[in-house]
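2 protein chains.
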Amino acid sequence: MDVKPLLDRFAGHDRRALARLITLVESRSPEVPAIMREIYPRTGRATVVGITGPPGAGKSTLVDRVIAHLRAAGRKVGVVAIDPSSPFSGGAVLGDRVRMQQHFLDEGVFIRSLSTRGRHGGLARATREVVHLLDAFGHDVVLVETVGVGQTELDIMKLAQTTCVVLVPEAGDTIQVMKAGLLEIANVFVVNKADRDGARRLKNELEVMLQLRPAADWNVPVLLTEATADKGIEELWTRIAEHGVARRAARGDEEQGRERFEEWGEILRDEVAERIDRSLAQPDLLPLGERVRAGAVDPYTAALDVLGDAELLARMLGDRRAGGR
Amino acid sequence: MDVKPLLDRFAGHDRRALARLITLVESRSPEVPAIMREIYPRTGRATVVGITGPPGAGKSTLVDRVIAHLRAAGRKVGVVAIDPSSPFSGGAVLGDRVRMQQHFLDEGVFIRSLSTRGRHGGLARATREVVHLLDAFGHDVVLVETVGVGQTELDIMKLAQTTCVVLVPEAGDTIQVMKAGLLEIANVFVVNKADRDGARRLKNELEVMLQLRPAADWNVPVLLTEATADKGIEELWTRIAEHGVARRAARGDEEQGRERFEEWGEILRDEVAERIDRSLAQPDLLPLGERVRAGAVDPYTAALDVLGDAELLARMLGDRRAGGR
Chain A
1 MDVKPLLDRF AGHDRRALAR LITLVESRSP EVPAIMREIY PRTGRATVVG
51 ITGPPGAGKS TLVDRVIAHL RAAGRKVGVV AIDPSSPFSG GAVLGDRVRM
101 QQHFLDEGVF IRSLSTRGRH GGLARATREV VHLLDAFGHD VVLVETVGVG
151 QTELDIMKLA QTTCVVLVPE AGDTIQVMKA GLLEIANVFV VNKADRDGAR
201 RLKNELEVML QLRPAADWNV PVLLTEATAD KGIEELWTRI AEHGVARRAA
251 RGDEEQGRER FEEWGEILRD EVAERIDRSL AQPDLLPLGE RVRAGAVDPY
301 TAALDVLGDA ELLARMLGDR RAGGR
Chain D
326 MDVKPLLDRF AGHDRRALAR LITLVESRSP EVPAIMREIY PRTGRATVVG
376 ITGPPGAGKS TLVDRVIAHL RAAGRKVGVV AIDPSSPFSG GAVLGDRVRM
426 QQHFLDEGVF IRSLSTRGRH GGLARATREV VHLLDAFGHD VVLVETVGVG
476 QTELDIMKLA QTTCVVLVPE AGDTIQVMKA GLLEIANVFV VNKADRDGAR
526 RLKNELEVML QLRPAADWNV PVLLTEATAD KGIEELWTRI AEHGVARRAA
576 RGDEEQGRER FEEWGEILRD EVAERIDRSL AQPDLLPLGE RVRAGAVDPY
626 TAALDVLGDA ELLARMLGDR RAGGR
């Protein structure tokens, strides 16, 4: 597959080319590293903001209002929503997305859901790559929305410069927030649906808990919002922007170097794992695979057989792309 | 490292050897595939039951009561608790575990927490391996407890023959259950804290939702429990056992073969990814790594350089264990 024409259209600001490249990333096309190499030099300009929290916290509505706020200021916005979708829940998640469709005809907004269905991991990498694409395309802000709690979702939040954790008064006590690992990743806490009982109490509890932590460069604010009534959105964005400034000031060359090094390792690990995956159905491995299926050899012995055979491994990891770039 | 003496002690039913082997799995020792190859023939006897649900559903107390119920019946129980632990939440999670410590002196119970901290993924595999160890050690039942919602946690539940999803009336409406992907993985729903308002309503809603699904071999029951008062535990275990029987009856050779094949692929992918990871700090890759850190080459170009060099890849994937078995 020749991706050059697609990359040319992408560079020419063709939204359909952007959509197509995201699909290639999502489907883990073997072309992904070559695509990313081309667009990488144009990345690093967007402000990447993560929005996470438990199901039902009103994240989608909040994202919708943040988009409207940013559009009013003339900024281009990309959104990646990580959907824990499934054959049964697809409809429900879609319901949320529909609310965002008011931005559908706006050329300054690009919204894409990434499904988590049937993945062997690698979701954090795919999300990072979609963020790179939205960034390189020229979006000023990229919002990444996940349903928090899971480890994968927490990992994804590390991609963001600023992470907002959205809670609602009904979310239970703050001990649960700590158990879900949300306290460490939050740069800004949002208590949404703040007109409901318990909003003030949750805010106070969070503030007490935040004060128990070691002193840091950034004091995590706890904001009250009512996304459905468009209340608190402006202050939310102001604090996100302030955190971005503080973060950039605190982030030295060493940290940037470490992030690049970690991204390199991530790409290598995932790419090799994907090549292994694709090779499992290849003729070389069929006889061994059949013996594993039949129970004639256990999976660990079979894995050690492959790992001990350097020549076989080299064939498995070789570039299997039909065309080349 | 010679793991033979450790495996001998494990075979001799030494609990400290079991604990040490679990630590090797958790720390991703290069010895893991060789260890698992040895113990694999003794696996497949335990009933593996997953317990998941949102934070605050009372899972730990429920697990505690299920252990007591099984011990009263003379069955040996292993427990793996997947902790989304963190420097700040460690204490809170520990609080839960303390309740399980009444079983601490019972030789028929082995409880271990697996931390999710700082992982590149591979948690599902590590959990599977700990389950294999607990199974091969001679536990009749292995309980796997996770804080549900995240994709990784849902993946972990696939290891179980039977998955129980624990909710509480406060958990919010059933739409949230669907959004979190819990509906598809539940073989048994548990509405815990059933003395609270809304328990019956949640049960009814779940039952309606379950009826909307395509007909299946197993009708997912929705049970009411009060774990703190030890209510409903016996019926819960009865239904888990019934599901186990139904599942074994429905599970043909083909499915078993597919599971073995998938486990093989998982081991290969993860093991190769880990070898890549370890090799990033090796002399071969230091100059390229330094250029990535310095920003002289972007991570994708550097990854493609490595992937295009078969000889370098072979060295990276070679067996780096100091001793060998």
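Just so you know, the sequences run in chain order A and D.
Sequence positions in the first sequence follow my numbering and run 1 to 325.
Sequence positions in the second sequence follow my numbering and run 326 to 650.
Glycine residues also receive a C-beta, built at the ideal position from the N, C-alpha and C atoms.
The structure presented is a predicted model; accordingly, all values stated were derived computationally and were not measured.
#1: In chain order, what are the residue ranges of uninterrupted alpha helix (DSSP H) at least 4 long that sit wholly in the stretch 335 to 394 of chain D?
#2: How would you label Asp634 (chain D), buried or exposed, when you count the other beta carbons within 10 angstroms and need 16 or more for buried?
#3: Determine the burial state of Leu358 (chain A): buried for a count of at least 16 other Cβ atoms within 10 Å of its Cβ, exposed for fewer.
#4: Would you verify that the beta carbon of Trp264 (chain A) is, or is not, closer than 9 Å to some beta carbon of chain C?
#5: In chain A, which residues lie less than 7 Å from Phe586 (chain D) when you measure between Cβ atoms?
#6: Can you check which of these residues, D:Arg585, D:Arg640, D:Arg334, D:Asn529, is closest to Pro608 (chain D) by C-alpha distance?
#7: Nearest by alpha-carbon distance to Pro379 (chain D): which of D:Gly506, D:Ser352, D:Lys401 is it?
#8: If you check the beta carbons only, do Val80 (chain A) and Leu143 (chain A) fall under 9 Å apart?
#9: With DSSP as the reference, label Arg213 (chain A) as helix, strand or coil.
#10: Taking a contact to mean a Cβ-Cβ separation below 9 Å, would you say Leu549 (chain D) touches Val516 (chain D) in this structure?
#11: So what does DSSP say about Val147 (chain A), is it helix, strand or coil?
#12: Quick check on the DSSP output: the beta strand (DSSP E) that includes Thr163 (chain A) runs from which residue to which?
#13: Can you give, in chain order, each stretch of the alpha helix (DSSP H) that sits fully within the stretch 228 to 272 of chain A and has at least 4 residues?
#14: Quick one: give me the first and last residue of the alpha helix (DSSP H) that Asp195 (chain A) is part of.
#15: Where DSSP assigns a beta bridge to Gly78 (chain A), which residues make up the other side?
#16: Please identify the residue among A:Thr163, A:Ile240, A:Val166 whose C-alpha is closest to the C-alpha of Leu70 (chain A).
#17: What are the residues in the stretch 269 to 283 of chain A lying within 7 Å of chain D by C-beta distance?
#18: Could you tell me which of D:Ile592, D:Arg362, D:Glu363 sits nearest to Glu274 (chain A), measuring between CA atoms?
#19: Check whether the Cβ of Lys528 (chain D) lies closer than 8 Å to any heavy atom of the ligand ADP, and answer yes or no.
#20: Using beta carbons (cut-off 9 Å, strictly below), is Val631 (chain D) in contact with chain A?
#21: With Val222 (chain A) as the anchor, note down where its beta strand (DSSP E) starts and where it stops.
#22: Sorted by chain position, which residues of the same chain lie with C-beta nearer than 7 Å to Leu6 (chain A)'s C-beta, five sequence neighbours on each side aside?
#23: Per DSSP, what kind of secondary structure is Asp309 (chain A) in: helix, strand or coil?
#24: Could you check which residue in A:Glu311, A:Trp264, A:Pro299 has the C-alpha nearest to that of Gly620 (chain D)?
#25: Give a yes or no on whether the C-beta atoms belonging to Val63 (chain A) and Ile51 (chain A) are separated by under 9 Å.
#26: Kindly indicate if chain D contains any beta-carbon less than 9 Å away from that of Ser86 (chain A).
#27: Report the three-state DSSP secondary structure of Asp480 (chain D) (helix, strand or coil).
#28: Got a sec? Which residues, its chain only, sit under 7 Å from Thr368 (chain D) by beta carbon, not counting five neighbours each side?
#29: Considering Glu655 (chain D), what are the terminal residues of the alpha helix (DSSP H) in which it resides?
#30: Could you confirm whether any beta carbon from chain A is found closer than 9 Å to the beta carbon of Thr372 (chain D)?
#31: Should Gly257 (chain A) be flagged as near chain D, meaning a C-beta pair shorter than 9 Å?
#32: Note the first and the last residue of the continuous alpha helix (DSSP H) segment covering Gly295 (chain A).
#33: Grab the span of the alpha helix (DSSP H) containing Val455 (chain D) for me, first residue to last.
#34: Over what stretch of residues does the alpha helix (DSSP H) that includes Leu183 (chain A) continue unbroken?
#35: By a C-beta neighbour count over all protein chains shown, 10 Å radius and 16 as the cutoff for buried, is Arg585 (chain D) buried or exposed?
#36: Which residues does DSSP list as the beta-bridge partners of Asp83 (chain A)?
Walking through what the data contain:
#1: 340 to 351, 357 to 364
#2: exposed
#3: What is shown of chain A runs 1 to 325, which leaves residue 358 (chain A) out entirely.
#4: Structure shown: chain C not included; protein chains present are A and D.
#5: Gly289, Val292, Arg293
#6: D:Arg640
#7: D:Gly506
#8: yes
#9: coil
#10: yes
#11: coil
#12: 162 to 167
#13: 233 to 250
#14: Taken as a continuous stretch (DSSP letters only), Asp195 (chain A) belongs to no alpha helix (DSSP H), as it is neither H nor E.
#15: A:Phe110, A:Val142
#16: A:Ile240
#17: Arg269, Glu271, Val272, Ala273, Ile276, Asp277, Leu280
#18: D:Ile592
#19: This structure lacks the ligand ADP, and indeed carries no ligand of any kind.
#20: yes
#21: 222 to 224
#22: Ala17, Arg20, Leu21
#23: coil
#24: A:Trp264
#25: yes
#26: The predicted model places Ser86 (chain A) with a pLDDT of 38, which falls under 50 and marks its position as unreliable, so this point remains unresolved.
#27: helix
#28: His457, Asp460, Ala461
#29: Any answer about residue 655 (chain D) is impossible in this case: the structure gives chain D only from 326 up to 650.
#30: no
#31: yes
#32: Careful: Gly295 (chain A) lies outside any alpha helix (DSSP H) and carries neither H nor E.
#33: 448 to 462
#34: 182 to 185
#35: buried
#36: A:Ser115
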